[in-house]
Amino acid sequence: AKAAGVSKVLMPNIDDTTIEAMLSVCTAYQGYCFPMIGFHPTSVDADSLFRIHEMKKIFSDGHPFIAIGEVGMDLYWDKTYLKEQQKALDIQVQWALEYHLPLVLHCREAFPELFEVMEPYKTTELSGVFHSFTGTLEEAEKVLEYSRFVFGINGVVTFKKSSLPEILTHLPLDRIVLETDSPYLAPVPFRGRRNESSYIKNVAMKLAEIYAVDFEYIDRITTNNALKVFKMAE
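Here the working numbering is used: the first residue of the sequence shown is 1356, the next is one more, and so on.
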């Protein structure tokens, strides 16, 4: 990743069972890997709210977390815990506001349900990333109403049947960040392989093609967008 020009790796958390392993990696690669904290919607079940409240105890004055994530809504596999997912998201949105941290939002087949939770916070200082955005143009326009949020674009944009290239023509570059979703969603020509942080370069190359600008411009703009959202120095 370093050889490809990746200067920072931001690591979303999954749930309370993954924090220790993630922090150990971030300690081993201090200054290069940066941890988030959050409870992924596909981990939510009937007992999750207690676990989420317990997870908050990890916060302290010197906590290392740069964002609340990966959190959100996912109704693709199962709608059983819809209400629990919404409650879990709302709790973690409040963490983001309390600790002045950005959100990294996962949303799959659940935009109306996610916006139900997000709407009351629309005029607050809440900021973040709509991670792995693959929504419709209408959903993208709804995201644009949340002025402190950006779209996370990854290898999906390189897929042959992806609608993202067309949707991106309607979105300003100052609202875009690049990401991988590693180890999933490797971009073309690596599709089907284990995704790597270094492959983010291929996402940038595709955006340069879509926006008809050079690679260096995409690199600079999207990097600055990410640094701004995550409140990080270069």
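Where is the CB? At the ideal position from N, CA and C, for every residue including glycine. As the structure is a computational prediction, the values presented were derived from the model and not from experiment.
- Between Val-1472 and Gly-1507, the gap from beta carbon to beta carbon reaches 8 Å or more.
- DSSP places Pro-1520 in the uninterrupted alpha helix (DSSP H) bounded by 1519 to 1523.
- Look at the region 1464 to 1503 and you find these whole runs of beta strand (DSSP E), each 3 residues long or longer: 1483 to 1485.
- Approximately 17 Å separates the beta-carbon atoms of Arg-1406 and Asp-1429; this is outside 8 Å, ruling out the contact.
- Between Ile-1413 and Ile-1374 the beta-carbon gap is near 7 Å, inside 8 Å, which marks them as a contact.
- For Tyr-1554 and Val-1498, the gap between their C-alpha atoms comes out near 26 Å.
- For Ala-1581, the closest of Asp-1569, His-1486, Gly-1490, Asn-1550 by C-alpha to C-alpha distance is His-1486.
- The residues Met-1428, Leu-1430, Leu-1437, Gln-1440, Gln-1441, in chain order, have a CB closer than 8 Å to that of Glu-1468 in the same chain once the five nearest residues on each side in sequence are set aside.
- Taking the Cα of Leu-1365 as reference, the smallest distance to any Cα among Ile-1522, Cys-1388, Asp-1536 is reached at Cys-1388.
- The residue among Leu-1492, Ala-1383, Arg-1503, Asp-1371 with its C-alpha nearest the C-alpha of Pro-1457 is Arg-1503.
- Following the DSSP letters along the chain, one finds Glu-1534 in no beta strand (DSSP E), marked with neither H nor E.
- In the structure shown, Pro-1396 adopts helical secondary structure according to DSSP, grouped into three states.
- For Val-1364, the enclosing beta strand (DSSP E) begins and ends at 1364 to 1366.
- Taking C-beta atoms as the reference points, Asp-1433 and Ser-1398 fail to come closer than 8 Å.
- When the five nearest sequence neighbours on each side are left out, no beta carbon in the same chain lies closer than 8 Å to the beta carbon of Ala-1376.
- A check of alpha carbon separations from Tyr-1454 across Val-1512, Ala-1359, His-1418 identifies His-1418 as the nearest.
- Measuring C-alpha to C-alpha distances from Val-1484 to each of Glu-1493, Lys-1516, Phe-1514, Val-1448 identifies Val-1448 as the nearest.
- With contacts defined as CB atoms closer than 8 Å, Asn-1579 and Thr-1513 fail to qualify as a contacting pair.
- When rounded, the separation of the alpha-carbon atoms in Phe-1570 and Val-1361 is 14 Å.
- Separation of Phe-1470 and Phe-1394 (C-alpha to C-alpha, rounded to the nearest whole angstrom) is 18 Å.
- Leu-1444 is not a Cβ neighbour of Thr-1479, given a cutoff of 8 Å.
- For the set Asp-1402, Leu-1460, Val-1543, the Cα lying nearest the Cα of Val-1426 is the one of Leu-1460.
- Across the structure, Met-1560 and Asn-1550 are spaced so that their CA atoms are roughly 16 Å apart.
- A Cβ-Cβ separation of about 6 Å places Leu-1378 in contact with Pro-1390 under the 8 Å criterion.
- Around the CB of Glu-1534, 16 or more other CB atoms lie within 10 Å, so the residue is classed as buried.
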